[in-house]
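Quick note on our numbering: the sequence shown kicks off at 56 and runs consecutively.
C-beta: ideal position from N, C-alpha, C; glycine also.
Quick notes on the structure that follows.
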Amino acid sequence: MALTRRHAAASLAALPLTLAAPGTATAAAKKVRTTVYVAGDSTAATKQPTAAPETGWGMALPFFLADDRFTVANHAVNGRSSKSFYDEGRLAPILAALRPGDLLLVQFGHNDEKIEDPARGTDPQTTYPQYLRRYLDGARERGARPVLLTSVERRKFDAAGNASPTHGAYPDAVRRLARVEGVPLLDIQASSIALWQRLGPEATQGYFNWLEPGESPNYPAGLQDNTHFQPHGAIEVARLVARELTARRVLRPRDVPRLDAAIPDSWISW
56 MALTRRHAAA SLAALPLTLA APGTATAAAK KVRTTVYVAG DSTAATKQPT
106 AAPETGWGMA LPFFLADDRF TVANHAVNGR SSKSFYDEGR LAPILAALRP
156 GDLLLVQFGH NDEKIEDPAR GTDPQTTYPQ YLRRYLDGAR ERGARPVLLT
206 SVERRKFDAA GNASPTHGAY PDAVRRLARV EGVPLLDIQA SSIALWQRLG
256 PEATQGYFNW LEPGESPNYP AGLQDNTHFQ PHGAIEVARL VARELTARRV
306 LRPRDVPRLD AAIPDSWISW
């Protein structure tokens with residue numbers, strides 16, 4: 056997903072009104088934004104109005120990045136694994152568009168775990184890292200910078216109220232691959248489960264797509280979804296992503312000027 060119309064309008068409004076001399080380009084016109092591509096699954100994907108209030112964290116990521124330096128191209132798709140995304144040819148247009156200096160954020164795992172589905176399931180020791188390497192190699196061949204993300208954690212608590220991991224061996228497979236390949240790792244599994252632990256079982260319902268009957272016309276019977284986010288949850292996961300991009304020195308602090316800003320849920324629009 057590219058920057059929202061609201062961001063586009065804000066960016067245009069912020070441009071200086073000075074006219075350039077005929078035949079010359081202003082510095083702003085010459086400046087090329089870095090594109091941050093997102094390859095991933097439904098936790099990051101852009102949602103249609105019929106899915107609201109379900110929100111992917113990729114929809115919120117543009118808010119945290121400097122408008123004059125970055126554009127987000129969110130290619131994440133519901134239900135895809137590292138294997139099915141690649142096998143369906145969805146990586147190809149990303150690679151065709153990548154320019155030197157661009158970023159490719161890669162977050163898969165939720166659907167790789169569905170090993171009963173031959174179209175999506177991968178083995179964390181073998182086929183999972185094999186497929187992920189195709190994303191890394193493709194980006195590096197084009198002078199872009201790949202970044203691996205462990206999967207954002209689901210909402211699951213044990214009887215004592217402790218947030219519990221749900222992704223098995225897949226996060227460790229990503230951590231191991233990042234070390235071997237020498238690429239930045241955003242450990243979103245670790246940072247998100249720590250956030251859910253701080254919030255606790257009750258408060259986290261407002262981050263995930265939990266709805267009472269009649270609360271949303273899209274889910275008249277209500278919903279208890281412990282995987283996908285409402286706007287507030289997507290915003291906070293995007294904040295985790297932006298924070299780790301700076302912590303791993305992929306981005307500089309000035310690249311994320313609104314990192315600590317309070318963002319209303321109403322900022323997300325479909």
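Three-state secondary structure (DSSP) of residue i
i: Thr98; result: coil
i: Asp213; result: coil
i: Val292; result: helix
i: Ala31; result: For residue 31 there is no data in the structure shown, the boundaries of the chain being 56 and 325.
i: Ala316; result: coil
i: Ala128; result: strand
Cα-Cα separation between residue i and residue j, rounded to whole angstroms
i: Pro179; j: Ala228; result: 6 Å
i: Glu208; j: Gln279; result: 16 Å
i: Gly144; j: Arg135; result: 12 Å
i: Phe125; j: Ile170; result: 36 Å
i: Ala194; j: Thr205; result: 18 Å
i: Trp196; j: Gly156; result: Contrary to the premise, residue 196 reads as Glu rather than Trp in this sequence. C-alpha separation (whole angstroms): 12 Å.
i: Ser139; j: Ala174; result: 6 Å
i: Val305; j: Pro239; result: 7 Å
i: Pro220; j: Pro272; result: 32 Å
i: Val93; j: Ala224; result: 23 Å
i: Ala316; j: Trp322; result: 12 Å
Local Cβ density within 10 Å of residue i, reported as buried at 16 or more and exposed below that
i: Thr105; result: exposed
i: Gln244; result: buried
i: Asn217; result: exposed
i: Thr181; result: exposed
i: Asp192; result: exposed
i: Asp96; result: buried
i: Gly288; result: buried
CB contact flag (residue i, residue j, <8 Å)
i: Ala147; j: Arg309; result: no
i: Glu291; j: Leu250; result: yes
i: Thr259; j: Arg210; result: yes
i: Val202; j: Leu158; result: yes
i: Ser137; j: Tyr186; result: yes
i: Phe119; j: Arg294; result: yes
i: Val161; j: Tyr190; result: yes
i: Thr98; j: Thr282; result: yes
i: Asn129; j: Ala107; result: no
Runs of 3 residues minimum, wholly inside the segment 201–285: which ones carry the beta strand (DSSP E) assignment? 263–266, 278–284
Length at least 4, wholly inside the segment 151–200: the alpha helix (DSSP H) runs in chain order: 182–196
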